[in-house]
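Working notes, beginning with the structure itself.
Chains as they are written, first to last, in the working numbering: chain Y, 1 to 183; chain U, 184 to 363.
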């Protein structure tokens, strides 16, 4: 039984699937902040994040009739924005053909650039996040900044929960190292 | 949030999962072991800046205008869900979008305050209008009575407002909710 006092989100999803624009607008209001944050933390650029969030939400409207289980709307929407953001990152740099996803990005220790120049702790975190390979970054953002679980993140980034754990572990190691001087 | 104990990527020497430790520290709910174990305390000290950065991070919200831009595009595109023919005569043909019929049917059953429609597919057949809908029913409301009233309301609406007869109305009750 649904026990919240608000009408269930899946009801809005079903109505939006039928073409109800007002229902979709309510869904956008509910999720636009998270969608934008995921894009922003993955891309590190506000203008690109806005464009990606907008594209993700419009893509969701177009593909909504194909969503089988309205209960999975949130993960489904986050997957759309996550993939678009990762594609945008990938488009910025030449890709190593046939390399595993994470090997396409340079893996490195937190260097001086990650530690220096930040005027406050939050900025230091943002800079340190920018030093992560994007597949690690998006997993860490979804877990620690959006509060999602391993299974849901695995669905969103299209990998296994074990791989998600590994990425989050490596991301945390990097971030702890990058923020060492703030201890 | 529960942390899967099978996570063995980077156990501390005492066996504690750093993920679990980080989770407990964020919730200010460290266990007795985590508060006293030297390995856990050392890890907690390492996590300090990261925890502080997470706790102090500013609330980032969507930029102004994002919602409007998205909805402008959505309304411009609409969605082709087809139309229900109402009739054709010498003076022309009349049809109504399925989404409009669905919206009116939802509004028709809402005044009852005991059942709310989700998906609502409308099809015209040789025998009349066929409606397939999902519904949530208010807790404590007898479902056969609620769906019966909803059927009567929708049948009256289709007859009086669209000038058509109803062949069948299928209602799939998917949840029981506390408020509509």
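Every residue gets a Cβ at the ideal spot worked out from N, C-alpha and C, and that includes glycine.
Three-state secondary structure (DSSP) of residue i
i	result
residue 356 of chain U	strand
residue 105 of chain Y	At residue 105 of chain Y, the pLDDT of 45 sits below 50, so the modelled position is not reliable and the matter cannot be decided from this model.
residue 96 of chain Y	For residue 96 of chain Y, the predicted model reports a pLDDT of 48, less than 50, meaning its position is unreliable; a value from the coordinates is still stated below. The answer is coil: DSSP assigns residue 96 of chain Y none of H, G, I, E or B.
residue 139 of chain Y	helix
residue 181 of chain Y	helix
residue 117 of chain Y	A caution first: residue 117 of chain Y carries a pLDDT of 48, below 50, which makes its placement in the model unreliable, though a value can still be read off. Coil.
residue 195 of chain U	coil
residue 341 of chain U	helix
residue 284 of chain U	helix
residue 351 of chain U	strand
residue 133 of chain Y	coil
residue 34 of chain Y	helix
residue 327 of chain U	helix
residue 336 of chain U	helix
residue 166 of chain Y	helix
residue 173 of chain Y	helix
residue 361 of chain U	coil
residue 291 of chain U	helix
Cβ neighbour criterion (16 or more within 10 Å) applied to residue i
i	result
residue 327 of chain U	exposed
residue 42 of chain Y	buried
residue 226 of chain U	buried
residue 325 of chain U	exposed
residue 154 of chain Y	buried
residue 68 of chain Y	exposed
residue 288 of chain U	buried
residue 219 of chain U	exposed
residue 11 of chain Y	buried
residue 60 of chain Y	buried
residue 200 of chain U	buried
residue 228 of chain U	exposed
residue 99 of chain Y	Residue placement at residue 99 of chain Y cannot be trusted, given a pLDDT of 48 that sits under 50; what the coordinates show is reported in the next sentence. Exposed, by the Cβ-count rule.
residue 217 of chain U	buried
Residue from the options with nearest C-alpha to residue i
i	options	result
residue 56 of chain Y	Y:163, Y:172, Y:27, Y:164	Y:27
residue 269 of chain U	U:349, U:332, U:233, U:362	U:349
residue 207 of chain U	U:230, U:193, U:221	U:230
residue 311 of chain U	U:331, U:317, U:342	U:342
residue 134 of chain Y	Y:181, Y:148, Y:157	Y:157
residue 299 of chain U	U:332, U:242, U:198, U:203	U:332
residue 242 of chain U	Y:51, Y:34, Y:52	Y:34
residue 173 of chain Y	Y:151, Y:132, Y:143, Y:161	Y:132
residue 304 of chain U	U:273, U:337, U:321, U:320	U:337
residue 13 of chain Y	Y:75, Y:52, Y:144	Y:75
residue 251 of chain U	Y:175, Y:25, Y:84, Y:130	Y:25
residue 65 of chain Y	U:255, U:262, U:271	U:262
residue 255 of chain U	Y:23, Y:58, Y:165, Y:63	Y:58
residue 37 of chain Y	U:323, U:344, U:240	U:240
residue 234 of chain U	U:217, U:210, U:222	U:210
residue 167 of chain Y	Y:46, Y:146, Y:121, Y:139	Y:139
residue 293 of chain U	U:212, U:351, U:362, U:307	U:362
Start and end residues, beta strand (DSSP E) containing residue i
i	result
residue 311 of chain U	311 to 321
residue 298 of chain U	298 to 308
residue 278 of chain U	275 to 280
Boundaries (first-last residue) of the alpha helix (DSSP H) holding residue i
i	result
residue 200 of chain U	Note, residue 200 of chain U: premise wrong, no alpha helix (DSSP H); not H, not E.
residue 11 of chain Y	9 to 17
residue 155 of chain Y	150 to 157
Query raised in the report: Where in the region 207 to 271 of chain U do unbroken runs of the alpha helix (DSSP H), each at least 4 residues long, occur, reported from the N-terminal end onward?
Result: 215 to 219, 221 to 239, 249 to 260
Query raised in the report: In chain order, which alpha helix (DSSP H) runs of at least 4 residues are fully inside the region 36 to 90 of chain Y?
Result: Listed in chain order, the complete alpha helix (DSSP H) runs (minimum 4 residues) inside the region 36 to 90 of chain Y are 46 to 63.
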